[in-house]
Structure formats: C-alpha cells, structure tokens
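Trainee: Quick one: structure below, then a few questions.
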Amino acid sequence: MDDLPLTGHVYVPRLLTDDAMAELGTLDRTLVVGPEEPPSRAELLRGVTGAAAVICTLTERIDAEVLDAAGPQLRVVANTAVGYDNIDVSAASSRGVVVTNTPGVLDRATADLTLGLILAAARRIAEGDRFLRHGTPWTWGPRMMVGLDLSAGATLGIIGLGRIGRAVARRARAFDMRVLATPTRAELDEDERASIEFVDLPALLRRSDVVSLHCPLTPETRHLIDREALRLMKPTALLVNTARGPVVDTDALVAALESGEIGGAALDVYEDEPHVDPRLLAFEQIVLTPHLGSAGDATRSAMCRMSVANAVEVLAGRPPLTPVS
Ligand code: GLV
Numbered sequence: 533m534d535d536l537p538l539t540g541h542v543y544v545p546r547l548l549t550d551d552a553m554a555e556l557g558t559l560d561r562t563l564v565v566g567p568e569e570p571p572s573r574a575e576l577l578r579g580v581t582g583a584a585a586v587i588c589t590l591t592e593r594i595d596a597e598v599l600d601a602a603g604p605q606l607r608v609v610a611n612t613a614v615g616y617d618n619i620d621v622s623a624a625s626s627r628g629v630v631v632t633n634t635p636g637v638l639d640r641a642t643a644d645l646t647l648g649l650i651l652a653a654a655r656r657i658a659e660g661d662r663f664l665r666h667g668t669p670w671t672w673g674p675r676m677m678v679g680l681d682l683s684a685g686a687t688l689g690i691i692g693l694g695r696i697g698r699a700v701a702r703r704a705r706a707f708d709m710r711v712l713a714t715p716t717r718a719e720l721d722e723d724e725r726a727s728i729e730f731v732d733l734p735a736l737l738r739r740s741d742v743v744s745l746h747c748p749l750t751p752e753t754r755h756l757i758d759r760e761a762l763r764l765m766k767p768t769a770l771l772v773n774t775a776r777g778p779v780v781d782t783d784a785l786v787a788a789l790e791s792g793e794i795g796g797a798a799l800d801v802y803e804d805e806p807h808v809d810p811r812l813l814a815f816e817q818i819v820l821t822p823h824l825g826s827a828g829d830a831t832r833s834a835m836c837r838m839s840v841a842n843a844v845e846v847l848a849g850r851p852p853l854t855p856v857s
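Laid out in structure tokens, this is it:
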C-alpha cells in the first residue's frame, strides 16, 4: 500500500478465498489487498482513500468517517457476511454508495453449526471432551453426564425465523424436536406452517428447552436477551447464539448462569469480538466457539465470490446482485 493514495482502486482489507481473489485478479482495476488479519483503523482509513469499491468483512467498521476518507468516487461497499451491522447503511446511502451483503449462501452452514452447538450443550459433548483431557478418572454409569435428550420431546424456540432460522427449524425437526418461533414475515411453505408453532417472545422463552437466536443485530434486538428475558426461561433451558453477540446482554447471561436461572449456553458470537468475557470461560455448562457459523469451505468460497460479484456489477454500472435495501 506504499503507493497510496490511488483513485478508483478496489480495496480488499482482508484476503478472501483463493477463487474470489483469482476473480478479482481479472478486473481491470488496481487492487489493494490486505493480509488475513483485520486492518487497524489507520490502515483501513488509508486503504479506502480513493477507492471505488471496498470488499470488506464483518470485522471492518464502515462508518461516516471511513466513507468520507474514501471520497466521492466510492460506489460500493460489498460486505462478505450476511449481517451488516458493521456498516452505517444510511451514511452510505446518503453518499450514493451501494451496500451489499451475502444472503442465502451461508444459511445451511450456520444452521449446521447451530445444531452442533445445541447437541454439544444438550449432550455435554464439549464438557465431556474437557473432562477426558483433564485426565479425570471415570467409568460408565447410569447417572454419569446425563444431558437433555433432544428427541424426547424437547422444544426449540427460534427467535428470528428468517433464512437461517428456517434452516435450523428443518434440522431440529429431523431430531424430532418441537419447534416454536416468534412471528415472521418470511413466506413459509406448507410443512413449515404445519410444524412450527408461532408464539410471542415471552411464551417462547417460558416454553423452550433450547432458545436459539437468528435475528439480525439492530437497535431493537440489542440486548433483546436481557435479565428479564433470561428470568422467563426454564432453569434447565439452554441459550444458543449464532447471530450477533450484542443480542445478548453478557452481564445478564453471567448472572443467570451463576444463579442457575438457566441451565447453560452455547455461544458462537460475543459482545465485543474478538474479546470473550473471561467470566464466560469459567462455566462448565457453556460451549464456546470463535464465530464459526459460516466457516464451511464451500460456504466461505460462495460468500467471497458473492461479495466480489456484487462489487463487479456495481463497478460495471449494473445493479448489485444483493443490495441490503
Ligand atoms: C456472519 O456472521 C455473517 O453475518 O455472515
């Protein structure tokens, strides 16, 4: 990036998958590509200066300062993620900059991870793994490490029945779970209408054995799961978050786990990523993963190719494939 400032270049702050990078290499534009790690704020501000397109990930905060640093030739910010809470969309729109995301291609991978987390928490898989690694003496026993049987009538409550929530519901049905969801605007098929019971949030929290979050992070969903919501949950219930960390109030979650107000949790996302609140690490009944929802090989490749394709379309003067609004 020593030759900056450039104009009209494509800025890719973090290295994308090989196939997406190869596609970018065919563009008749100067490319400015960062390493695998996220850029510092200063590097980001420098990299965007003069860019016509920014192909970023969820770790880059694209706000008015970044958009202004880019300059008036910026046409598109293509986010390599379905969630776009890292981007100030109204600041972009007011500057005539298109924002795109990667919907659809990561639903199944995220739903797979969600079921993995549900199973890991319900059947104490991660806890069992730690138990053996610590060299704990053991013999099989009828009361040993007994967990929640998903297929014995356990109820899953899905908050946010969009594309990912629906993919989770399909998988949960294969495990014979009952499925509740908060009302959705999604167009459901006949099977979904027959197999999912729609209830309001308090009823969902009260009745579910597993509560799984699949809503976007918006001002309305920030700390949706707060002290009051956790109090409504069963003392045996598990909370699963593969959406965005700030949907859950971490202080309230820690308090609920400490007091036994809920039974456990499985978290893939955190309030202040990549920082993980050390209090969470102390609980045996929590499973933690480092934001792996979409981390399948085919999925990551599809996401990266989609964000590149969005940028290519806008740079060519065509409509974006998947604009956020
Ligand atoms: C990942 O968290 C995404 O929003 O795609």
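Count the sequence shown with my numbering and you get residues 533 to 857, in order. Heads up, the beta-carbon is just placed ideally off N, CA and C, and yes, glycines get one too.
Assuming A624 and L847 form a contact by the criterion Cβ under 8 Å, report the distance between their Cβ atoms to the nearest whole angstrom.
Mentor: That belief does not hold up - the Cβ atoms of A624 and L847 are roughly 16 Å apart, past 8 Å.
Trainee: Measure the alpha-carbon distance for E724 versus V856 and round it to whole angstroms.
Mentor: 26 Å
Trainee: In angstroms, rounded to a whole number, what distance separates the CA positions of T866 and T782?
Mentor: The displayed coordinates of the chain run from 533 to 857. Any statement about residue 866 would go beyond what the structure contains.
Trainee: DSSP state of R607, grouped into three classes?
Mentor: It is coil, neither helix nor strand.
Trainee: Does any heavy atom of the ligand GLV sit closer than 7 Å to the C-beta of S826?
Mentor: yes
Trainee: Which runs of the alpha helix (DSSP H), 4 residues or longer, sit entirely within the segment 785-826?
Mentor: The segment 785-826 contains these whole alpha helix (DSSP H) runs: 810-813.
Trainee: Should T646 be listed as close to the ligand COA, given that the test is whether its C-beta is under 7 Å from any heavy atom?
Mentor: The model depicted lacks the ligand COA and carries the ligand GLV instead.
Trainee: Please find out if some non-hydrogen atom of the ligand GLV comes closer than 7 Å to the beta-carbon of H746.
Mentor: no
Trainee: Quick check: D600 and D620, are their CB atoms within less than 8 Å of each other?
Mentor: no
Trainee: Among L576, L559, D661 and T716, whose alpha-carbon lies nearest the alpha-carbon of P567?
Mentor: L576
Trainee: In angstroms with no decimal places, state the Cα-to-Cα distance between Y543 and I587.
Mentor: 6 Å
Trainee: With C-beta atoms as the reference, is L812 less than 8 Å away from E793?
Mentor: It is not a contact, given that the beta carbons lie outside the stated cut-off.
Trainee: Comparing the CB of L820 with every heavy atom of the ligand GLV, is any distance shorter than 7 Å?
Mentor: no
Trainee: First and last residue of the beta strand (DSSP E) that includes N773?
Mentor: Where N773 is concerned, the enclosing beta strand (DSSP E) stretches over L770 to N773.
Trainee: How big is the Cα-Cα spacing for E659 and V678?
Mentor: Each residue's alpha carbon lies about 11 Å from the other.
Trainee: Do G615 and the ligand GLV come close, with the Cβ less than 7 Å from some heavy atom?
Mentor: yes
Trainee: Where DSSP assigns a beta bridge to G689, which residues make up the other side?
Mentor: L712 and V743
Trainee: Give me, in chain order, the residues of the same chain whose beta-carbon lies closer than 6 Å to that of G825; leave out the 5 immediate sequence neighbours on both sides.
Mentor: T642, L645, T774 and D800
Trainee: When every heavy atom of the ligand GLV is checked, does at least one fall within less than 7 Å of the C-beta of L649?
Mentor: Checking the Cβ of L649 against the ligand GLV gives no.
Trainee: Taking 8 Å as the cut-off, decide whether the C-beta atoms of I818 and H746 are in contact.
Mentor: The answer is no: Cβ separation not under 8 Å.
Trainee: I think S839 touches N611, with their Cβ atoms under 8 Å apart; what is that distance to the nearest whole Å?
Mentor: 7 Å
Trainee: Quick check on P571: buried or exposed, where buried means 16 or more other Cβ atoms within 10 Å of its Cβ?
Mentor: buried
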